[in-house]
Amino acid sequence: MIEIRNLTFAYEKDNPVLKDISFTAQDGECIGLIGANGAGKSTLMKVMLGLLDGSGSVIVDGTPVTQNTLAEIRRKLGFVLQNSDSQMFMPTVHDDMMFGLLNYGIRREEAENKVSEVLDTLHISYLKDRYNHRISGGEKRMAAIATVLAMEPSVLLMDEPTSALDPKNRRMIINTIRSLKQTRIITSHDLDMILDTCSRVILIDEGRIIKDGTAEEILKDRELLEAHSMELPLSFSRMNEHL
Ligand SMILES: Nc1ncnc2c1ncn2[C@@H]1O[C@H](COP(=O)(O)OP(=O)(O)OP(=O)(O)O)[C@@H](O)[C@H]1O
Ligand SMILES: [Mg+2]
Numbered sequence: 184m185i186e187i188r189n190l191t192f193a194y195e196k197d198n199p200v201l202k203d204i205s206f207t208a209q210d211g212e213c214i215g216l217i218g219a220n221g222a223g224k225s226t227l228m229k230v231m232l233g234l235l236d237g238s239g240s241v242i243v244d245g246t247p248v249t250q251n252t253l254a255e256i257r258r259k260l261g262f263v264l265q266n267s268d269s270q271m272f273m274p275t276v277h278d279d280m281m282f283g284l285l286n287y288g289i290r291r292e293e294a295e296n297k298v299s300e301v302l303d304t305l306h307i308s309y310l311k312d313r314y315n316h317r318i319s320g321g322e323k324r325m326a327a328i329a330t331v332l333a334m335e336p337s338v339l340l341m342d343e344p345t346s347a348l349d350p351k352n353r354r355m356i357i358n359t360i361r362s363l364k365q366t367r368i369i370t371s372h373d374l375d376m377i378l379d380t381c382s383r384v385i386l387i388d389e390g391r392i393i394k395d396g397t398a399e400e401i402l403k404d405r406e407l408l409e410a411h412s413m414e415l416p417l418s419f420s421r422m423n424e425h426l
């Protein structure tokens with residue numbers, strides 16, 4: 184489904200931020216991409232989306248990500264960036280969600296139904312006609328997630344989807360991510376969230392893959408996590424206290 188081979192990327196010459204990254208995501212897999220601040224998670228997502236141009240290859244469903252295939256790639260890859268502000272450019276939440284759907288040639292009535300359905304599923308129908316520049320950070324994050332879900336992409340890349348969310352909305356997004364059948368790659372510092380949603384975890388540090396394995400194996404490894412500026416998820420650290 185997604186194949187990444189020997190990916191290297193540098194913002195500034197001779198200072199690579201991604202170093203020889205290779206992995207394959209299978210159809211329907213949910214992968215948690217974890218690592219300290221500055222490890223390269225967001226950069227990796229941007230290279231996968233073709234927003235940044237690295238060396239090596241990213242292949243989505245058999246199509247290599249290049250400047251010439253960007254339109255096709257965008258159709259397949261839905262994404263929520265770490266800063267959702269930069270993703271919304273229409274005045275209201277409704278208009279923003281409609282824009283992409285209409286652009287894909289979906290009939291207006293069908294698109295309206297889809298928008299209402301997704302907002303309803305996420306319990307944020309009250310945001311529908313609100314102006315994007317007059318809603319809170321967390322509401323914006325929820326709206327950005329709704330926008331990408333409405334498009335039903337075959338792969339979802341989510342960069343810190345729950346970072347600005349209150350516990351209720353965080354839980355809503357966790358349940359939504361769990362219910363999706365698509366291939367999902369999610370970054371988060373919320374390792375409990377990763378544990379709840381992903382079966383596989385890739386840990387990166389200073390632009391290299393340190394470990395690629397099951398969520399259980401990596402997220403239970405206190406030594407490994409601490410060596411890379413992270414801590415055990417709460418569910419595991421509580422378990423240890425009882426021992
Ligand atoms: N536009 C840029 N120009 C130059 N360097 C950048 C740029 N964006 C990020 N970097 C650097 O690239 C490295 C990786 O950044 P990146 O945003 O990918 O990290 P991250 O793993 O997403 O971190 P965080 O957990 O803080 O979101 C960091 O050292 C960062 O300072
Ligand atoms: Mg980031």
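To convert, count from 1 in the sequence shown and add 183; that's the numbering used here.
Every residue, glycine too, gets a C-beta built ideally from N, C-alpha and C.
Note that the structure is predicted; figures quoted are calculated from it, not measured.
Alpha carbon to alpha carbon, how far is residue i from residue j?
i, j, result
"I185", "G239", "14 Å"
"K229", "A219", "17 Å"
"Q365", "P247", "19 Å"
"D279", "N315", "9 Å"
"E300", "D197", "48 Å"
"I368", "T249", "20 Å"
"S319", "R354", "18 Å"
"D395", "I401", "8 Å"
"G288", "E212", "28 Å"
"K323", "T275", "11 Å"
Less than 6 Å between C-beta atoms, sequence neighbours within five positions excluded: which residues of the same chain meet that for residue i?
i, result
"V263", "A327, I328, V331, M341, P344"
"R188", "S205, G239, S240"
"L417", "D375"
"R361", "T380"
Counting only the same chain and skipping the five closest in sequence on each side, list residues whose C-beta sits under 8 Å from that of residue i.
i, result
"G321", "A347, L348, D349, N352"
"H277", "V298, K311, D312"
Would the beta-carbon of residue i be found less than 7 Å away from any heavy atom of ligand 2?
i, result
"Q250", "no"
"Q265", "yes"
"T370", "yes"
Report all residues from its chain with a CB closer than 7 Å to the CB of residue i; omit the five preceding and five following residues, and keep chain order.
i, result
"V243", "I185, I256, K259, L260, V338"
"K202", "T191, G390, R391"
"Y194", "V200"
"F419", "L402, K403"
Give the DSSP bridge partners of residue i, in chain order.
i, result
"D395", "I385"
"Y314", "T275"
"R367", "C213, L339"
"E255", "DSSP, once it has assigned bridges, lists no residue as partnering E255."
"F206", "I187"
"P350", "Paired residue(s): none; P350 is not in a bridge."
Could you check if residue i belongs to the surroundings of ligand 1, using beta carbon to heavy atom distance under 7 Å?
i, result
"A398", "no"
"A294", "no"
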